[in-house]
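Report on the following structure.
Protein chains: 2
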Amino acid sequence: MTTPMLTKNQSLVFDVLTKAEAPLSAYTILDKLRDQGFRAPLQVYRALDKLLEYGVVHRLESINSFVACAHPNEDCHSHGLVAFAICESCGQVIEFHDHEVDHRLTDWLKSQKFKAEKSTIEIRGHCANCAA
Amino acid sequence: MTTPMLTKNQSLVFDVLTKAEAPLSAYTILDKLRDQGFRAPLQVYRALDKLLEYGVVHRLESINSFVACAHPNEDCHSHGLVAFAICESCGQVIEFHDHEVDHRLTDWLKSQKFKAEKSTIEIRGHCANCAA
DNA sequence: GCAATTGATGTAATAACATAACATATCCGT
DNA sequence: ACGGATATGTTATGTTATTACATCAATTGC
Ligand SMILES: [Zn+2]
Ligand SMILES: [Zn+2]
Ligand SMILES: [Zn+2]
Ligand SMILES: [Zn+2]
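Chains as they are written, first to last, in the working numbering: chain A, 1 to 132; chain B, 1 to 132.
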């Protein structure tokens with residue numbers, strides 16, 4: 001899918017996420033945008049819904065947070081699973097793809113006749129810097 | 001880890017999960033246990049914490065719910081990742097392990113010097129029965 | 001036995017995350 | 001201009017999870 005022009009609110013939310021060094025919760029985004037006129041959670045959630053739909057933002061289920069896609073110009077998203085390594089110390093997220101894992105899971109799902117629609121692979125732990 | 005004797009509250013919560021045909025939210029569990037004297041969310045969350053620690057229950061991050069382990073007597077949990085296929089129609093959950101996926105992810109994490117502590121692999125979609 | 005510690009429980013209040021419902025406004029094709 | 005679709009604003013509410021503090025019960029060390 002080619003990403004359509006972003007609306008005002010979508011741009012504001014996307015900018016905040018792009019500049020952030022770690023995933024942000026919807027309410028953190030809301031707080032960062034109060035000066036730009038944001039007043040209610042829905043303004044954030046609605047923008048996020050679209051950004052997720054366009055694939056330029058990912059939701060990290062295990063920490064109820066959102067992060068800008070690290071590979072915005074690759075087409076991996078369209079044909080592969082995305083995985084995240086999330087550092088619980090510094091918040092840094094490494095987004096990666098692995099076709100081997102992808103194929104393996106896809107095969108298993110097929111063997112079960114399970115029709116996959118959305119997948120989540122998240123590893124929490126400590127990054128190289130924080131593992132010390 | 002060998003599972004210690006469960007306390008009264010832990011047993012009640014575990015029984016509810018074991019009898020359930022789909023994952024349950026903490027508040028759903030609470031409602032099911034009101035007749036047994038449960039009055040507050042914390043009674044459920046505290047029991048769940050222990051059951052998760054013992055590995056007899058899993059938390060499904062993507063749907064904020066809990067499910068009894070489907071392989072209580074296997075030792076896969078101690079040396080491998082667990083994955084879940086979750087049907088969004090009937091709620092059925094298939095829990096599975098795949099050493100190939102496991103090794104592949106582990107290798108990648110090692111290459112990044114990322115110290116993994118907790119992992120989540122959840123596929124949402126439709127099971128064979130519901131895909132129709 | 002008995003204080004001290006530890007683990008489990010009870011209860012109330014609050015925090016954090018997410019959506020429903022309804023009203024306006026803006027954009028766009030005709 | 002009109003009508004439909006999309007985006008936005010606002011209030012209220014629903015859902016999930018934790019903090020704080022009190023009480024109770026079992027265990028340990030003396
Ligand atoms: Zn991405
Ligand atoms: Zn780190
Ligand atoms: Zn299990
Ligand atoms: Zn199903």
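Just so you know, even glycine gets a beta-carbon here, dropped at the ideal spot from N, CA and C.
Check, Outcome
"Would you say the beta carbon of Val82/B is closer than 7 Å to some non-hydrogen atom of ligand 3?", "yes"
"Check whether the Cβ of Thr120/A lies closer than 8 Å to any Cβ atom in chain B.", "yes"
"Can you tell me which of Ile123/B, Ile63/B, Glu21/B puts its alpha carbon nearest to the alpha carbon of Phe84/B?", "Ile123/B"
"Taking the alpha-carbon positions, what's the Leu51/B to Ala68/B distance?", "9 Å"
"Report yes if the CB atom of Pro23/A is closer than 8 Å to the CB atom of Ser65/A, and no otherwise.", "yes"
"Suppose you measure from the CA of Thr18/B to the CA of Pro4/A; what does that come to, to the nearest Å?", "47 Å"
"Which chain A residues sit within Cβ distance under 9 Å of Gln112/B?", "Ala85, Ile94, Phe96, Cys127, Ala128"
"What are the start and end residues of each continuous beta strand (DSSP E) run of 3 or more residues lying completely inside the region 4-91 of chain B, in chain order?", "57-60, 65-68, 83-87"
"By alpha-carbon positions, which one of Phe114/B, Cys127/B, His126/B ends up nearest to Cys130/A?", "Phe114/B"
"Look at Ile121/A and Ile94/B and say whether their C-beta atoms are less than 8 Å apart.", "no"
"What residues from chain A crowd round Arg124/B, counting only those whose CB sits closer than 9 Å?", "Ala116, Glu117, Lys118, Ser119, Thr120"
"Can the beta-carbon of Arg59/A be found less than 8 Å from the beta-carbon of Val101/B?", "no"
"Rounded to whole angstroms, what's the CA-CA distance from Ala128/B to Phe96/B? Just pull it up for me.", "16 Å"
"Straight-line CA distance for Ala26/A to Ala132/A?", "31 Å"
"DSSP three-state label for Ala132/A, please.", "coil"
"Is the CB of Ala47/B under 8 Å away from at least one CB in chain A?", "no"
"Select from the region 44-74 of chain A all residues with a C-beta closer than 8 Å to any C-beta belonging to chain B, and list them in chain order.", "Glu61, Ser62"
"Taking the continuous alpha helix (DSSP H) assigned at Lys118/B, which residues delimit it?", "Here Lys118/B belongs to no alpha helix (DSSP H); instead the beta strand (DSSP E) covers 115-126."
"Under the criterion of a Cβ to heavy atom distance below 7 Å, does Cys69/B qualify as lining ligand 4?", "no"
"Out of Gly91/A, Phe14/A, Val82/A, which one is the CA nearest neighbour of Gln43/A?", "Phe14/A"
"Report yes if the CB atom of Gln92/A is closer than 8 Å to the CB atom of Ala47/A, and no otherwise.", "no"
"Consider the Cβ of Leu109/B: report whether some Cβ of chain A lies at a distance smaller than 8 Å.", "yes"
"Should Leu81/A and Ser111/A be called a contact, given that it needs their Cβ atoms to be closer than 8 Å?", "no"
"Measure the alpha-carbon distance for Val16/A versus Glu74/A and round it to whole angstroms.", "22 Å"
"With a Cβ-Cβ cutoff of 8 Å, do Gly125/B and Glu53/A count as a contact?", "no"
"What are the boundary residues of the alpha helix (DSSP H) that His103/B is part of?", "99-111"
"Hey, does Ala22/B have any beta-carbon neighbour from chain A nearer than 8 Å?", "no"
"Indicate whether at least one CB of chain B lies closer than 8 Å to the CB of Val101/A.", "yes"
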